[in-house]
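Below is one structure, written out as structure tokens, with a few remarks after it.
Number of protein chains: 2
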Amino acid sequence: MSLDHILLGMMHEPASGYDLKREFEQSVRHFWFAELSQIYPALKKLEERGLLSSRPVPSSRGPERRVFETTGAGSEELERWLTSEPLIPKDRITYLAQLFFMGEMEDLSATEQFMERLRGSMATRLAVLEAIEAEWMGAIGIDGAALAVDGGALTEIEDDRVFHMYTTLRMGIHSLRSRVEWCDETLRAIRARQTRPRASTEDEGGSNPAIETAR
Amino acid sequence: MSLDHILLGMMHEPASGYDLKREFEQSVRHFWFAELSQIYPALKKLEERGLLSSRPVPSSRGPERRVFETTGAGSEELERWLTSEPLIPKDRITYLAQLFFMGEMEDLSATEQFMERLRGSMATRLAVLEAIEAEWMGAIGIDGAALAVDGGALTEIEDDRVFHMYTTLRMGIHSLRSRVEWCDETLRAIRARQTRPRASTEDEGGSNPAIETAR
DNA sequence: TCACTCATGTAATTGGTTACATGATTCC
DNA sequence: GGAATCATGTAACCAATTACATGAGTGA
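Below you can see the structure in the form of structure tokens.
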């Protein structure tokens with residue numbers, strides 16, 4: 000299972016379920032999501048399988064924390080996963096399904112509105128990632144265009160970690176930019192179709208020169 | 000649930016579970032996937048809810064077919080879904096998770112290999128979609144750049160359906176192109192990092208001019 | 001006092017995958 | 001005779017979401 004391996008991956012230093020959830024919200028966010036109610040039992044099972052070990056640690060405020068760390072078997076399992084084939088999930092893109100079937104509706108105005116909204120949320124998400132990138136560039140001297148990390152005061156391991164984190168961020172940026180572009184392309188096409196001359200419902204049959212001119 | 004609505008969307012003409020599975024393999028494929036063992040119970044439940052009706056139809060070969068069609072309530076429910084907000088799934092991108100944690104490994108050669116393989120499968124998928132686009136351009140006169148559909152002998156409803164199908168295909172193409180570009184960008188950066196002068200493991204502390212020159 | 005954060009969990013349900021069962025017809 | 005396709009389903013399991021339960025400490 001992927002969540003298991005992600006949790007193992009996050010264990011480069013000891014952490015509790017609550018800590019991990021916070022890290023999910025921060026860095027892991029743009030490619031994975033997990034609820035606390037999923038994290039706690041997952042950690043428990045990993046411990047049963049001997050891939051993690053835990054100890055209780057008293058907390059200054061609130062109840063006792065259960066802090067986990069990797070075992071030897073745990074890091075072996077992580078490495079196996081990391082060196083395996085790239086795992087490409089089959090994606091279920093709900094909004095594409097909606098768009099696909101929107102052809103059944105009377106006119107294109109529903110589609111237009113839909114695409115405008117979609118563009119809005121994609122652009123917002125993109126802005127978030129671009130802001131993170133800008134922040135990083137300031138803080139640790141990442142060169143976006145060349146994707147080079149100017150290590151500065153970082154140790155080699157930290158520098159490598161930053162590099163890998165940064166490439167995943169870049170993927171999000173690439174991906175969202177292309178989605179926004181696709182929204183724009185689609186909106187242009189919708190508008191072109193709305194203003195062009197249309198065939199009547201009872202069509203003349205065969206090829207229609209009125210449509211041929213549309214673009 | 001999304002699968003329910005997708006099934007409703009596929010019901011513009013009566014179909015059996017088996018028919019629908021075939022359509023999944025063909026057109027719906029690049030944004031959704033469902034097994035027969037998921038489709039059959041889903042259809043059954045939709046019928047119980049009064050959104051579909053079914054009748055047995057004798058088959059020329061093999062067992063009797065159960066053919067479903069939409070009810071009034073079914074198309075109302077579909078329209079509600081189509082006119083609702085664009086539903087953006089939280090994505091769980093397994094290969095990004097792998098890449099993210101690959102910083103823990105000794106050198107970048109594992110990452111390089113990983114990115115090469117990833118690029119390979121992305122490029123293959125892209126080629127498939129581009130081939131479909133080329134086929135459609137030949138068959139029904141779609142103009143890729145302008146995203147205009149030259150309806151030709153199509154009726155208006157068919158023409159609109161083709162338009163909506165085509166936009167979803169375009170999204171796949173945009174998306175995969177940007178992923179391939181991202182892979183290339185990342186591979187360039189990996190190679191630049193591999194050949195650049197590196198800080199020793201015991202680093203000199205503070206800023207390092209040898210790294211500064213890397214790009 | 002009330003809301004919020006810290007902190008850990010269980011239970012019920014939904015959505016999806018994998019494995020299994022059955023049997024007719026058609027094509028090589 | 002054997003593999004492939006047509007056709008329908010059930011059962012067991014795994015992954016993820018939603019809802020619920022509990023309780024201490026902090027700050028307005």
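These protein sequence lines map, in sequence, to chains G and X. Per my numbering, the very first residue in the first sequence carries number 0; after that it's consecutive. Per my numbering, the very first residue in the second sequence carries number 0; after that it's consecutive. For glycine and all other residues, C-beta sits at the position ideal for the given N, C-alpha and C.
query: Hey, does Gln25 of chain X have any beta-carbon neighbour from chain G nearer than 7 Å?
result: no
query: When the Cα atoms are used, what is the spatial distance from Thr167 of chain G to Glu129 of chain G?
result: 13 Å
task: Assign Glu68 of chain G to one of three DSSP states: helix, strand, or coil.
output: strand
Min CB distance Lys20 of chain X to chain G below 7 Å: no
Residue environment, Gly16 of chain G, which counts as buried when at least 16 other CB atoms sit within 10 Å: buried
- prompt: By the criterion of Cβ-Cβ separation under 7 Å, what are the contact partners of Thr82 of chain G in chain X?
  reply: Ala109
task: Report the rounded CA-to-CA distance for Leu50 of chain G versus Ala122 of chain X, giving the unit in angstroms.
output: 36 Å
task: Quick one: list the residues of chain X neighbouring Arg169 of chain G, beta-carbon separation under 8 Å, in chain order.
output: Trp181, Glu184 and Thr185
task: Using a Cβ cut-off of 7 Å, pull out every chain G residue sitting near Phe113 of chain X, in sequence order please.
output: Pro85
query: Is there at least one Cβ from chain X nearer than 7 Å to Trp135 of chain G's Cβ?
result: no
query: By DSSP, does Ser108 of chain G sit in helix, in strand, or in coil?
result: helix
message: If I follow the unbroken beta strand (DSSP E) through Ser53 of chain G, where does it start and stop?
response: Leu51 to Val56
query: Can you name the residues of chain X whose CB is closer than 8 Å to the CB of Glu68 of chain G?
result: Going along chain X, no residue has its Cβ under 8 Å from Glu68 of chain G, so there is no contact; the nearest lies around 14 Å.
task: Mind listing the chain G neighbours of Arg79 of chain X? Cutoff is C-beta to C-beta under 8 Å, in chain order.
output: Those within 8 Å of Arg79 of chain X in chain G number zero; the least Cβ separation is about 11 Å.
- request: May I ask you to report which of helix, strand or coil DSSP gives Ser15 of chain X?
  value: strand
- prompt: By the criterion of Cβ-Cβ separation under 8 Å, what are the contact partners of Thr194 of chain G in chain X?
  reply: Going along chain X, no residue has its Cβ under 8 Å from Thr194 of chain G, so there is no contact; the nearest lies around 12 Å.
message: Would Gly71 of chain G pass as an interface residue toward chain X - the criterion being a Cβ-Cβ separation below 7 Å?
response: no
message: Let me confirm a value: Ser83 of chain G is counted as buried when at least 16 other C-beta atoms fall within 10 Å, else exposed. Which label applies?
response: exposed
Residue-chain proximity (Met101 of chain G, chain X), Cβ-Cβ < 7 Å: yes
- request: Confirm, please, whether the CB-CB distance from Met10 of chain G to Thr69 of chain G is below 7 Å.
  value: yes
message: Which same chain residues end up closer than 6 Å to Gln216 of chain G when comparing Cβ atoms and leaving out the 5 residues on each side of it in sequence?
response: As shown, chain G starts at 0 and ends at 214. That puts residue 216 of chain G outside it, with no answer to give.
- prompt: Should Arg160 of chain X be labelled buried (16 or more other beta-carbon atoms within 10 Å of its own) or exposed?
  reply: buried
Distance CB(Gln97 of chain G)-CB(Leu81 of chain X) smaller than 7 Å: yes
message: With a threshold of 7 Å between beta-carbons, can Gly119 of chain X be considered close to chain G, or not?
response: no
- request: Using alpha carbons as the reference points, say which of G:Ile131, G:Glu75 and G:Ser58 lies closest to Gly171 of chain G.
  value: G:Ile131
query: Any Cβ of chain G within less than 7 Å of the Cβ of Ile131 of chain X?
result: no
task: Determine the DSSP secondary structure at Ile141 of chain X, reduced to helix, strand or coil.
output: strand
field: Buried versus exposed call for Gly204 of chain X [16 or more other C-beta atoms within 10 Å across all chains shown]
entry: At Gly204 of chain X the pLDDT is 41, less than 50, meaning the model places this residue with poor confidence and gives no usable figure here.
field: Residue range of the unbroken alpha helix (DSSP H) whose run includes Asp90 of chain G
entry: From DSSP, Asp90 of chain G is part of no alpha helix (DSSP H); its letter is neither H nor E.
field: Beta-carbon contacts of Leu117 of chain X that lie in its chain and below 7 Å, excluding the five residues immediately before and after
entry: Tyr94 and Cys182
- request: Determine the contact status of Leu175 of chain G and Arg91 of chain G, defining contact as a CB-CB distance below 7 Å.
  value: no
field: Beta-carbon proximity list for Ala33 of chain X, same chain, < 7 Å, skipping 5 on both sides
entry: Leu2 and Phe23
query: Hey, does Leu98 of chain X have any beta-carbon neighbour from chain G nearer than 7 Å?
result: yes
query: Nearest to Arg120 of chain G by CA position, among X:Ile87, X:Ile5 and X:Ala138, is which residue?
result: Reading off the sequence shown, one finds Ser at residue 120 of chain G, where the question assumed Arg. Nearest C-alpha to Ser120 of chain G: X:Ile87.
task: Would you decide whether Thr200 of chain G is buried or exposed? Buried here means 16 or more other CB atoms lie within 10 Å of its CB.
output: Its pLDDT being 47, under 50, Thr200 of chain G is placed unreliably by the model, and nothing is read from it.
message: Give me the chain G residues within the contact set of Asp159 of chain X, using Cβ-Cβ distance strictly less than 7 Å, ordered along the chain.
response: Gly102
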